[in-house]
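I have placed the structure first, in the form of structure tokens, so that the comments after it can refer back to it.
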Amino acid sequence: MKYRKKIAVLIMIIVLLFIAIFYYYIAFQGLTVTHYELKLGVKESIRIVHLTDLHNAQFGENNEELVELIKAQEPDLIFMSGDMLNNDDSNEDIMLGLISNIKDVAPIYFGYGNHECSWEKRFKKTLKHDIEAAGATVVNNNYIDFEFKGTELRLGGYMGYWHQPHMFTENKNAILIEKEFADDFENTERIKLLINHIPTQWVDWNYIDKYEIDAVFSGHYHGGIIRIPIVDRGVFAPYVGWFPPRTKGMYTGEKASCILSAGLGSEHLAPRINNSPEIVVIDLVPEN
């Protein structure tokens, strides 16, 4: 009888410990900053803050905690790689408010994610005008050539699978346009920076060994949603499934590097466990 009581007490302690750990990893996860350095043929260092997958989350009133953290990084450029709102919520104010509050920090470039694409179809409205009115430049199936700190850059935006469109359309003309955009984007001697929300082809299909893009900025995987302690590995990623090998980090192949952020929020408030909301800072530095 005493033995059974000891077992019951032990089980209760284990259960309570598990609940405490679970609560800690949900309730005490503050914003984090992850730094990477990438050597490219730039003339001077360029600091980029990469934001993704906000999903209408808020960190403090009017996202003031997030805004202050972004300002503290002193970026030269800010990239948003999509899913900054939820496709079933008509509210744009959180996303637009964040853009408005950081537009004077550095130039902002906004690439679509699958939620922006779905949102436009659901609500029969184009987001581009509102995003640009708030203070960002939209790059969605298009690119911009410009000089920055003495370096010639090509910055583009694309949502789906690189060189394999038809994610949201079976329209042959639309597919052809996307393929032509990809070919055209690569055809330059400039440093190529691509905001590409979905990372699957880069980190799971090894496109980082296939296509010459200097730096790809992605999200979508939410860091695997739940991260296993010690091994620091994500549990699940959309389109890939359970226990994917790569859900956050910087991955460099033979021809490209992919900066994959764990993002800031989660769809429909799904709990992020052992997976703090993340902004990423990438310093592009001269090769020498």
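Going by our numbering, the residue at position 137 of the sequence shown is 141; the numbering climbs one at a time, nothing skipped. Every residue gets a Cβ at the ideal spot worked out from N, C-alpha and C, and that includes glycine.
Say whether the stretch 148-156 touches the stretch 197-210, bearing in mind that this needs 3 or more beta-carbon pairs closer than 8 Å, one atom from each stretch. The stretch 148-156, when compared against the stretch 197-210, does not touch it at the 8 Å Cβ threshold.
- From N146, E136, Y211 and K129, residue whose alpha carbon lies closest to that of Y165: Y211
Whole alpha helix (DSSP H) runs in the stretch 93-119 with 4 or more residues, listed along the chain?
Runs of the alpha helix (DSSP H) inside the stretch 93-119: 97-106.
Within 10 Å of its beta-carbon, does V109 have 16 or more other beta-carbons around it, so buried, or fewer, so exposed?
buried
Using CA coordinates, which residue listed in D57, G64 and K107 is at the minimum distance from G117?
-> Of the candidates D57, G64 and K107, the one whose C-alpha sits nearest the C-alpha of G117 is D57.
**Asked** Candidates K176, D213, H272 and M163: which alpha carbon is nearest F221's?
**Response** M163
Helix, strand or coil: how does DSSP classify D149 here?
-> strand
Practice problem: For the alpha helix (DSSP H) holding H39, just list the boundary residues, first then last. | Solution: Here H39 belongs to no alpha helix (DSSP H); instead the beta strand (DSSP E) covers T36 to L44.
Practice item. Could you tell me which residues DSSP pairs with L157 in its beta bridges? Key: For L157, which the question treats as bridged, DSSP gives the partners F150 and I195.
Notebook entry, point to check: So who's on the other strand from W246, going by DSSP bridges?
Noted result: F240
Just to confirm my understanding: we take W123, look at its own chain, exclude 5 residues before and 5 after, and list those with CB closer than 6 Å. What are they?
N91
Between the stretch 45-54 and the stretch 78-92, do at least 3 Cβ pairs fall closer than 8 Å? With contact defined as three or more Cβ pairs closer than 8 Å, the stretch 45-54 and the stretch 78-92 are in contact.
*Closest residue to D1 among D188, Q168, V37 and G238 (Cα-Cα distance)*: The displayed coordinates of the chain run from 5 to 292. Any statement about residue 1 would go beyond what the structure contains.
(message) Does E282 come out as helix, strand or coil in the three-state DSSP assignment?
(response) strand
Worksheet item: Got a sec, what are the start and stop residues for the beta strand (DSSP E) F83 sits in?
Response: L81 to M84
Exercise. How many angstroms separate the CA atom of S265 from the CA atom of M88?
Worked result: 13 Å
Between N67, S85, E72 and V71, which has its C-alpha nearest I98's C-alpha?
N67
Does K196 pass the burial test, meaning 16 or more other C-beta atoms within 10 Å, or should it be called exposed? By the 10 Å Cβ count, K196 comes out buried.
Same chain, Cβ closer than 6 Å to H170, five either side skipped, listed in chain order: I179
Q | For S261, the residue or residues it bridges with in DSSP | A | T256
Consult DSSP for R276 and reduce its assignment to one of helix, strand or coil.
The answer is coil: DSSP assigns R276 none of H, G, I, E or B.
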